[in-house]
Amino acid sequence: MHELAITQSMLDLVLKQAEEAEAEKVGKINLVLGEMTGVVGRCVQFYFDFLSKGTLAEGAALNFKVILTTAKCQNCHKEFELGEFDWTCPHCQSNNIEITGGKELFVESIEVD
Amino acid sequence: MEIKVVKNILGANDQIAGKNRQLFDSNQVFVVNVMASPGAGKTSVIMETIKRLKGKTRVGVVEGDISSSLDAEAIGKEDVPVVQINTGGECHLDASMTASALGDLPLNDIDLLLIENVGNLVCPAEFRIGEDIRILIASTPEGDDKPFKYPLMFHEADVVLINKIDLLPYLKFDVNAFTQTIRGINQKVKIFPVSCTTGEGIEEWVSWLLGRMEKS
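So the sequences go chain by chain: A and B.
Okay, so the first sequence: first residue is 15 according to this note's numbering, each after it adds one.
Okay, so the second sequence: first residue is 52 according to this note's numbering, each after it adds one.
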């Protein structure tokens, strides 16, 4: 449900960038979403269609790049994808790990005319 | 034409959180963001904390709820300044909602501000409000698998209070496994098992909090 606030914030950011570039229309928005943020692309799309009406970004395509949750073992220093119900290192079974990916939530680029 | 942006979507929120932070610093207020699922015991922990801090430090409270002022009324009985924020449907407090409540609080007369977030284990983790520390209250009836389901929240917490430990004899909740799972992804976390009903563990949590306030 945080998608409403997140989509509004994303749209504000995109419109500001588009206006600074004196664009007439935003054709595409490239977003990077970390798995850990729990942001659902389908919900972002739903709110975006509603919120962007009458703006430069109306009708823009949303492209989502999803980053899986990854971790680095503090013991053997290998990187791995975090399992759903198992957070131990698959290489050395240590449970002392550092999250290295999956918290991303940013606008990478926009395509404008 | 492609324009590189590479900007955090919640950058605007973070900026306002930074302004809240400055306001707290200039008034020497230590701020705790209290997060948990509905019913985990946020209001009870706040009440128990206030009771034990009487005469030791001046406490203020912000109550965040989707609707109603039940919690603020309960806390008002403890004779501390309290402000209610009704988010009107939003599932979390953000920095600007928090800012809107600060004008109604005598910040000059407050040393510790406890901000009760909306009951939710997903959304509040994303939105900074200008806090010093984030505490997460996880209650034993919720089950010991919660870190796997809400990893971001457990990763971001500075303190986890395991509440309702008086119910442990009746539940399949493995405190050691739960603690180990959290420490695996969050090495800096402080964990306190507590019960607001029996008072067990509350003293340890409150002494730690006072120590942490002195350091800042």
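Ideal placement from N, C-alpha and C gives every residue a C-beta, glycine not left out.
These numbers come from a predicted model, not from an experiment.
Of the listed residues the options, nearest to residue i (C-alpha basis)
i, options, result
"B/D209", "B/E124, B/I236 and B/R109", "B/I236"
"B/M86", "B/R72, B/A68 and B/E207", "B/E207"
"B/G250", "B/K223, B/V211 and B/S95", "B/S95"
"B/A202", "B/I67, B/T232, B/N227 and B/G194", "The amino acid at residue 202 of chain B is misidentified as Ala; the sequence shows Pro. Ranking B/I67, B/T232, B/N227 and B/G194 by Cα distance to B/P202 puts B/T232 first."
"A/C90", "A/Q107, A/T114 and A/L70", "A/Q107"
"A/L82", "A/D63, A/T51, A/I111 and A/E33", "A/T51"
"A/D63", "A/K42, A/E49 and A/L47", "A/K42"
"B/S118", "B/G106, B/I213, B/N137 and B/K105", "B/N137"
"A/C87", "A/F120, A/C103 and A/E98", "A/C103"
"B/N84", "B/D225, B/F229, B/M204 and B/E254", "B/M204"
"B/M148", "B/P244, B/G262 and B/D65", "B/D65"
"B/V173", "B/L121, B/P89, B/K70 and B/K266", "B/P89"
Under 8 Å between C-beta atoms of residue i and residue j
i, j, result
"A/Q22", "A/L65", "yes"
"B/L153", "B/N168", "no"
"B/A125", "B/A189", "no"
"B/S246", "B/K197", "no"
"A/A74", "A/V40", "yes"
"B/V82", "B/E177", "no"
"A/L70", "A/L119", "no"
"B/I97", "A/V126", "no"
"B/T191", "B/L212", "no"
Residue-level contact to chain B via CB, residue i, 8 Å cutoff
i, result
"A/C94", "Going by the sequence as given, residue 94 of chain A is Phe instead of Cys. A/F94 does not count as touching chain B."
"A/V54", "no"
"A/L65", "no"
"A/W19", "It is Ala, not Trp, that sits at residue 19 of chain A in the sequence shown. So, interface residue."
Simplified DSSP assignment, three categories, for residue i
i, result
"B/M86", "strand"
"B/G127", "helix"
"B/A68", "helix"
"B/T149", "helix"
"B/V257", "helix"
"A/C106", "coil"
"B/E193", "helix"
"B/F205", "helix"
"B/S77", "helix"
"A/E36", "coil"
"A/S123", "strand"
"A/A71", "coil"
"B/K266", "helix"
Chain E within 8 Å of residue i, Cβ atoms only
i, result
"B/T138", "Among the chains of the structure shown, chain E does not appear; the protein chains present are A and B."
Chain A contact for residue i (CB, 8 Å cutoff)
i, result
"B/G235", "yes"
"B/C174", "yes"
"B/M52", "yes"
"B/D145", "yes"
"B/V226", "no"
"B/F205", "no"
At least three beta-carbon pairs within less than 8 Å, the segment 110–128 of chain B to the segment 155–173 of chain B: Contact between the segment 110–128 of chain B and the segment 155–173 of chain B is present, because at least three Cβ pairs lie under 8 Å.
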